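Asker: Below you'll find the structure I mean.
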């Protein structure tokens, strides 16, 4: 007697919904993926639209980066594209600031603390005398991230308060740290310091792939 496939409905065709539907289908389920939009991908998706002038353009929310340490996402993509040929590498993760200011994250060592030291030494937004004014004890939290201990100590502090405590020059703070708040649409005054430290840890300090990403073709 053969077993009947279980009917499963997955609501939402974002990355999580697509991943769930894929795994369920691979395990023999009969999956119906239900998505209210005309495109898949959720917050990572894009769709065609037109300006009031009639000019066509592609609309997307900015979640376009496929970082190389997104292991689960890349494994999901390999199911349909084993060589990840639909992704193209970018040369840099440039940060552009007021007055033509620019910061580059390309070519840095991939292990801590050498990546942080290299960035601090080469950035044009920190001078040698600035390093003397930085609160080294507060800055150590960036190297000593621990999920439980860091959240216990810093989750009730705002990212703005933590960055104030570092005593970084404004230009260095704007170019080196603000990006982690802005990338997730989180004002520093409303963002948890623990979340900021987690992002800095996950994307930079302990990211062995480097802070460079691929984009979809």
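Numbering (the working numbering), first residue to last: 68 to 284. All C-beta atoms, glycine included, are put in the ideal place defined by N, C-alpha and C. In this text, all values refer to a predicted model and were calculated from it rather than measured experimentally.
1. Only counting runs of 4 or more residues, tell me where the alpha helix (DSSP H) segments fall wholly within the stretch 112 to 159, in order along the chain.
2. Have a look at residue 200 and residue 115 and give me their C-alpha separation to the nearest angstrom.
3. Report yes if the C-beta distance between residue 144 and residue 151 is below 8 Å; otherwise report no.
4. Could you please give me the residues that DSSP links to residue 74 through a beta bridge?
5. Just tell me which of 142, 172 and 134 has its CA closest to the CA of residue 281.
6. Is residue 17 buried or exposed, if buried means 16 or more other CB atoms sit within 10 Å of its CB?
7. Closest to residue 91 by C-alpha separation, out of 232, 74 and 240, would be which residue?
8. Locate the alpha helix (DSSP H) running through residue 283, then write down its first and last residues.
9. In chain order, what residues of the same chain have a beta carbon less than 6 Å from the beta carbon of residue 255, not counting five sequence neighbours either side?
10. Measuring alpha carbon to alpha carbon, tell me which of 219, 210 and 217 ends up nearest residue 272.
11. Per DSSP, what kind of secondary structure is residue 285 in: helix, strand or coil?
12. Per DSSP, what are the beta-bridge partners of residue 259 in this structure?
13. How many angstroms separate the CA atom of residue 241 from the CA atom of residue 197?
14. Specify, as a first and last residue, the run of the alpha helix (DSSP H) that residue 240 falls within.
15. Leaving aside the five residues before and after residue 275 along the sequence, list all residues of the same chain whose C-beta is less than 6 Å from its C-beta, in chain order.
16. CB-CB under 7 Å to residue 158, same chain, minus the five flanking residues each way: which ones, in chain order?
17. Taking the CB atoms as reference points, tell me whether residue 206 and residue 221 lie closer together than 8 Å.
18. What is the rounded straight-line gap between the Cα of residue 94 and the Cα of residue 87?
19. Hey, would you say residue 264 sits closer than 8 Å to residue 270, going by beta carbons?
20. So the candidates are 215, 239, 214 and 223; which of them puts its Cα closest to the Cα of residue 190?
21. Using the three-state DSSP reduction, which class does residue 108 fall into: helix, strand or coil?
22. With DSSP collapsed to three states, give me the class of residue 61.
Answerer: Once the coordinates are examined:
1. 138 to 145
2. 50 Å
3. yes
4. 97
5. 134
6. Residue numbering for the chain in the displayed model covers 68 to 284; residue 17 lies beyond these limits and cannot be assessed.
7. 74
8. Careful: residue 283 lies outside any alpha helix (DSSP H), inside the beta strand (DSSP E) at 280 to 283.
9. 226, 227 and 248
10. 210
11. Beyond the ends of the chain as shown, which are 68 and 284, falls residue 285; an answer cannot be given.
12. 225
13. 15 Å
14. 237 to 243
15. 177
16. 173
17. no
18. 11 Å
19. no
20. 239
21. strand
22. In the structure as shown, the chain starts at 68 and stops at 284, and residue 61 therefore has no counterpart that could be examined.
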